[in-house]
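Last residue of the sequence shown: number 278 in the working numbering, and the count goes up by one each step with no gaps.
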Amino acid sequence: QVQLVESGGGLVQPGGSLTLSCAASGSNSPLYVMGWYRQAPGKQREVVATLSTGGHTNYGDSVKGGFTISRVNAQNTATLQMTSLEPEDTAVYFCYARRTALASIVWGQGTLVTVSS
């Protein structure tokens, strides 16, 4: 059973940077896709960025150019580098993965990112 553990959330000032990490366990092969979603208070969960083993990257419409996703397929780890953060980026960020294209979604427990002065 795949499990995801996030790290790296916290408080950052507007214009600052933060890096989130996600480590997957329970899979002997690279997960088909890994990525990040976020959920702000009172809002629906939305995609931030996803990256497949084939290198296909998808960024959410609300994410501006300061976000970059990367992963190490052999280790099943994913990283989200966030720069030029704004208060609107405040949310709980969830790591996301699928073992295969048709497999069920696996979620991490979430890590809180707060952008505030």
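C-beta atoms are modelled at their ideal positions from N, C-alpha and C, and glycine is treated no differently.
Check                                                                                                                        : Outcome
Host beta strand (DSSP E) of residue 206 (start-end)                                                                         : Unbroken run through residue 206: none, as it is neither H nor E.
Residues of its chain near residue 162, where Cβ-Cβ distance is below 7 Å and the 5 sequence neighbours each way are ignored : 187
Sequence-distant residues of its chain with Cβ nearer than 6 Å to residue 253 (five each side left out)                      : 200, 271 and 273
Helix, strand or coil at residue 174 [DSSP, three-state]                                                                     : coil
Three-state secondary structure assigned by DSSP to residue 264                                                              : coil
As assigned by DSSP and simplified to three states, the class of residue 219                                                 : strand
Cross-strand partners of residue 319 (DSSP beta bridge)                                                                      : No statement about residue 319 is possible, as the shown extent of the chain runs from 162 to 278 and does not include it.
Rounded straight-line distance, which links the Cα of residue 179 to that of residue 167                                     : 13 Å
Rounded C-alpha distance that separates residue 177 from residue 227                                                         : 10 Å
Segment limits, beta strand (DSSP E) that includes residue 275                                                               : 272-276
Residue 254 - containing beta strand (DSSP E), residue span                                                                  : 252-259
Rounded C-alpha distance that separates residue 244 from residue 173                                                         : 10 Å
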